[in-house]
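Per full-length UniProt numbering, the very first residue in the sequence shown carries number 8; after that it's consecutive.
Note that beta-carbon positions come from the ideal geometry of N, C-alpha and C, so glycine has one too.
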Amino acid sequence: SREWHLVARPLGWPNPEDFALREVAVTEPGEGQILVRNVHMSVDPYMRGRMDERESYIPPFRLDAPMEGGAVGEVVASRAEGFAPGDHVLHGLGWREYALVDAAHATKVDPDLAPLSAYLGVLGMPGLTAYAGLLEVASFKEGDTVFVSGAAGAVGSLVGRIAKLKGAKRVIGSAGSAEKVRYLLEEGGFDAAFNYKDGPVLEQLRKAAPEGIDVYFENVGGEHLEAAISTLNVHGRITVCGLIAQYNATEPTPGPSNLPLLIGKRIRMQGMMVGDHGALQPQFLQEVGGWIRSGELTYRETVVHGVDHAVDAFLGMLRGENTGKMIVTL
Ligand code: NDP
Numbered sequence: 008s009r010e011w012h013l014v015a016r017p018l019g020w021p022n023p024e025d026f027a028l029r030e031v032a033v034t035e036p037g038e039g040q041i042l043v044r045n046v047h048m049s050v051d052p053y054m055r056g057r058m059d060e061r062e063s064y065i066p067p068f069r070l071d072a073p074m075e076g077g078a079v080g081e082v083v084a085s086r087a088e089g090f091a092p093g094d095h096v097l098h099g100l101g102w103r104e105y106a107l108v109d110a111a112h113a114t115k116v117d118p119d120l121a122p123l124s125a126y127l128g129v130l131g132m133p134g135l136t137a138y139a140g141l142l143e144v145a146s147f148k149e150g151d152t153v154f155v156s157g158a159a160g161a162v163g164s165l166v167g168r169i170a171k172l173k174g175a176k177r178v179i180g181s182a183g184s185a186e187k188v189r190y191l192l193e194e195g196g197f198d199a200a201f202n203y204k205d206g207p208v209l210e211q212l213r214k215a216a217p218e219g220i221d222v223y224f225e226n227v228g229g230e231h232l233e234a235a236i237s238t239l240n241v242h243g244r245i246t247v248c249g250l251i252a253q254y255n256a257t258e259p260t261p262g263p264s265n266l267p268l269l270i271g272k273r274i275r276m277q278g279m280m281v282g283d284h285g286a287l288q289p290q291f292l293q294e295v296g297g298w299i300r301s302g303e304l305t306y307r308e309t310v311v312h313g314v315d316h317a318v319d320a321f322l323g324m325l326r327g328e329n330t331g332k333m334i335v336t337l
């Protein structure tokens, strides 16, 4: 079985040489364990943070040890009650072909209910992030105008969908290419969208939101945050979900220069961690699962094939090569 190890801590943008694909022996499960053949694995922005040595909400990846991350696969051997060969599970030991998983850390998933990869995206962690970040953290209400950055990505595309389905007045998205903007407008359900590389975000956002915005769903940071603060209406709300524009920065990144507006406009800005919102999971699965079955919610995935291309997929995601969730299919 092959697995990806981090072999050097990247400074700034990671390089392929910071990773190594290594061959290891597959061991039989011990008591309470299952052996899983991974079918799909996830590459996510937060993994970049785990490659650094610094303190965070989640410990750094160890050097010369397999990296971790969301994965779905098929049980091939089990010494755990309730799990049998042929079952499909979601677990946290991605970045490898075969995973020896403590059954307590695996969740059974139903491949008949949704394609297995959906449990890493629209029906998984990014989906719950979008759902909870919009409905709980941003206190979204019908009639709100919503702006989301990283709008063509896994979380962002769903924020747009959910906002529309929940009665947003107007949904605006920004993304990094003309093709993504076309996707948002033609397929993604967005009312307006722009390419943040085409010109100042503030100018483009003002044009797209002539009556201002009520909610800003932050995935990017930097210039986007400053533009959103300037465009938010009184009692506007910001969910700080991610700040991907600075994940590879080697220098402190400039902050917004317009923070006094938070006072006058009584803007509420709140960070979120998807792990805090587990209680919403059943409602999320029921509602979003229902929209998928009824055809009201469509989604895209970008699939890279082969465990040997997992690092390419991760780096490609950081560069914006994905529309919807970036998935590695083994
Ligand atoms: P995406 O599918 O959105 O992939 C990342 C995207 O980020 C790329 O496709 C790229 O799109 C965009 N991007 C990269 N660099 C920049 C940049 N400098 N400026 C603007 N956009 C950039 O990833 P996810 O949906 O998984 O994650 C989206 C955000 O949500 C991330 O910030 C992530 O850290 C955060 N997150 C937070 C969670 C939480 O609990 N707080 C949980 C899950 C995700 P483009 O072509 O448009 O540039």
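Close Cβ partners of Asn-202 (< 7 Å) along its chain, the five nearest in sequence each way excluded: Ala-182, Gly-183, Ser-184, Ala-185 and Val-188
Cβ neighbours of Val-166 in the same chain (closer than 6 Å, five flanking residues each side left out): Ala-137, Leu-141, Val-155 and Phe-224
Status (buried if at least 16 other CB within 10 Å, exposed otherwise) for His-12: buried
Own chain partners of Glu-38 with C-beta closer than 7 Å, once the 5 adjacent residues on each side are dropped: Arg-86
With 16 other Cβ atoms within 10 Å as the buried cut-off, status of Ala-286: exposed
As assigned by DSSP and simplified to three states, the class of Thr-152: strand
Stretch-stretch touch, CB-based, cutoff 8 Å, three pairs: the segment 49 to 65 with the segment 307 to 324: yes
3-residue-minimum beta strand (DSSP E) runs that sit fully inside the segment 110 to 189, ordered along the chain: 152 to 155 and 177 to 182
Heavy atom of the ligand NDP within 6 Å of Asn-202 beta-carbon: no
Exposed unless 16 or more other CB atoms sit within 10 angstroms - verdict on Met-280: exposed
Residue burial classification, Ile-274 (beta-carbon count within 10 angstroms, cutoff 16): buried
Separation of Arg-103 from Asp-151, as counted between CA atoms: 43 Å
Three CB pairs or more closer than 8 Å across the segment 226 to 238 and the segment 259 to 270: yes
Touch test, the segment 202 to 213 against the segment 121 to 132, Cβ-Cβ under 8 Å, three pairs minimum: no
Contact under 7 Å by Cβ, Asn-226 with Gly-196: no
Val-222 vs Phe-147 beta-carbon contact at 7 Å: yes
Contact belief for Arg-44 with Glu-81 at Cβ below 8 Å, rounded distance in angstroms: 5 Å
Cutoff 6 Å; reference Trp-20; Cβ partners in own chain excluding five residues on either side: Asn-255
Own chain, CB closer than 8 Å to Asp-117, minus 5 neighbours either side, in chain order: His-95
Limits of the beta strand (DSSP E) - the one that Gln-293 falls within: Looking at the DSSP string, Gln-293 is not in any beta strand (DSSP E); the run it does join, the alpha helix (DSSP H), is 288 to 301.
Pro-23 beta carbon less than 7 Å from that of Val-318: yes
Top-ranked residue by Cα proximity to Leu-97, from Ile-41, Thr-238 and Ile-245: Ile-41
Exposed unless 16 or more other CB atoms sit within 10 angstroms - verdict on Pro-73: buried
Short Cβ contact (7 Å threshold) for Glu-308 with Ser-124: yes
Check: Ala-170 C-beta below 6 Å from any heavy atom of the ligand NDP: no
Contact check, Ile-179 vs Ala-145, beta carbons under 7 Å: no
Any non-hydrogen atom of the ligand NDP closer than 6 Å to Asp-51 Cβ: yes
Alpha-carbon spacing of His-112 relative to Asp-283, whole angstroms: 17 Å
Contacts around Ile-251, its chain only, beta-carbon distance under 8 Å, and the 5 residues preceding and following it disregarded: Pro-52, Gly-157, Asn-226, Val-227, Gly-228 and Leu-325
As assigned by DSSP and simplified to three states, the class of Tyr-53: helix
Host beta strand (DSSP E) of His-12 (start-end): 9 to 13
Sequence-distant residues of the same chain with beta carbon closer than 8 Å to Phe-90, five excluded per side: Ile-41, Val-82, Val-96, Ala-110, Ala-113 and Lys-115
C-alpha distance - Phe-291 paired with Leu-135, whole-angstrom precision: 7 Å
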